[in-house]
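A.B. asks: So the sequence shown is numbered by this note's numbering: it starts at 6 and just counts up by one.
Below are the structure tokens for one structure; questions will follow.
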Amino acid sequence: MSFLNSMNIIGSALTAERFRTDIILQNFANANTTRTENGEPYRRKQVVFQERAVDFQNVLNDEERRLTQGGVRAVEIVESEKPFVPVYDPAHPDANEEGYVMYPNVNTSEEMVDLMAASRAYEANLTALSVVKSLAMKALEIGK
Numbered sequence: 006m007s008f009l010n011s012m013n014i015i016g017s018a019l020t021a022e023r024f025r026t027d028i029i030l031q032n033f034a035n036a037n038t039t040r041t042e043n044g045e046p047y048r049r050k051q052v053v054f055q056e057r058a059v060d061f062q063n064v065l066n067d068e069e070r071r072l073t074q075g076g077v078r079a080v081e082i083v084e085s086e087k088p089f090v091p092v093y094d095p096a097h098p099d100a101n102e103e104g105y106v107m108y109p110n111v112n113t114s115e116e117m118v119d120l121m122a123a124s125r126a127y128e129a130n131l132t133a134l135s136v137v138k139s140l141a142m143k144a145l146e147i148g149k
């Protein structure tokens, strides 16, 4: 059963990193969006992860909890409070009285670094999954 628990933990990490990647790609896609539904520029979003805690007494007593505890999960998406970037462009339809357009607080270099980190974390979890899978295969070979 510990193989299944390991796979569950790795699976939760893969899911969380995939979600993080989706949010980063959303930030890239909206890096030049000057007006959203609420009338202001797009705000950079980030994912907050939280540990899926293991309560050992409950794990020992309940098989379902044994398979669903441990790992990581995305608990919320927070918007950055960094100020918007003013750019002088009086011809732009979203320009204010002084001719400035407020652009999103998305820094594409920072997003690229975050995307690389999420990608590396995803790859590391795939490697861990591969190791668990090969350990399970070796254990099955012992029984032959």
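Glycine included, C-beta positions come from ideal geometry on N, C-alpha and C.
Since this is a predicted model, take the numbers as computed values, not measurements.
Relative to the alpha-carbon of T39, which residue among M107, P88 and G148 has its alpha-carbon at the smallest distance?
C.D. replies: By one-based count along the sequence shown, residue 39 stands at place 34. For the residues M107, P88 and G148, the minimum Cα distance to T39 belongs to M107.
A.B. asks: Please report the residue range of the beta strand (DSSP E) in which R78 lies.
C.D. replies: As a first step, residue 78 is located in the sequence shown; it is residue number 73 there, counting from the start. R78 -> beta strand (DSSP E) spans V77 to E84.
A.B. asks: Considering only residues of the same chain and omitting the five flanking positions on each side of V92, which have a CB-CB separation below 6 Å?
C.D. replies: Looking up residue 92 in the sequence shown gives position 87. Closer than 6 Å at the Cβ level, and outside the excluded window around V92, lie V106 and Y108.
A.B. asks: In three-state DSSP terms, what is F54?
C.D. replies: Taking the first residue of the sequence shown as 1, we reach residue 54 at position 49. Three-state DSSP puts F54 in a strand.
A.B. asks: Look at the alpha carbon of M6 and the alpha carbon of S85, and state the distance between them as a whole number of angstroms.
C.D. replies: Start at 1 with the first residue of the sequence shown, and residue 6 comes out as number 1. Start at 1 with the first residue of the sequence shown, and residue 85 comes out as number 80. With a pLDDT of only 46 at M6, under the threshold of 50, the placement of this residue in the model should not be trusted, and no figure is reported.
A.B. asks: To the nearest angstrom, report how far apart A18 and H97 are at their CA atoms.
C.D. replies: The residue labelled residue 18 in the question sits at position 13 within the sequence shown. The residue labelled residue 97 in the question sits at position 92 within the sequence shown. Cα-Cα distance, rounded: 43 Å.
A.B. asks: Would a C-beta distance cut-off of 7 Å place R78 and Q51 closer than the cut-off?
C.D. replies: By one-based count along the sequence shown, residue 78 stands at place 73. By one-based count along the sequence shown, residue 51 stands at place 46. No; because the gap between Cβ atoms is not below 7 Å, this pair is not in contact.
A.B. asks: In three-state terms, what does DSSP make of V92?
C.D. replies: In the sequence shown, the residue the question calls residue 92 occupies position 87. Note: V92 maps to strand in three-state DSSP.
A.B. asks: Could you have a look at Y47 and say whether DSSP puts it in helix, strand or coil?
C.D. replies: Residue mapping note: residue 47 aligns to position 42 of the sequence shown, counting from 1. Three-state result, Y47: coil.
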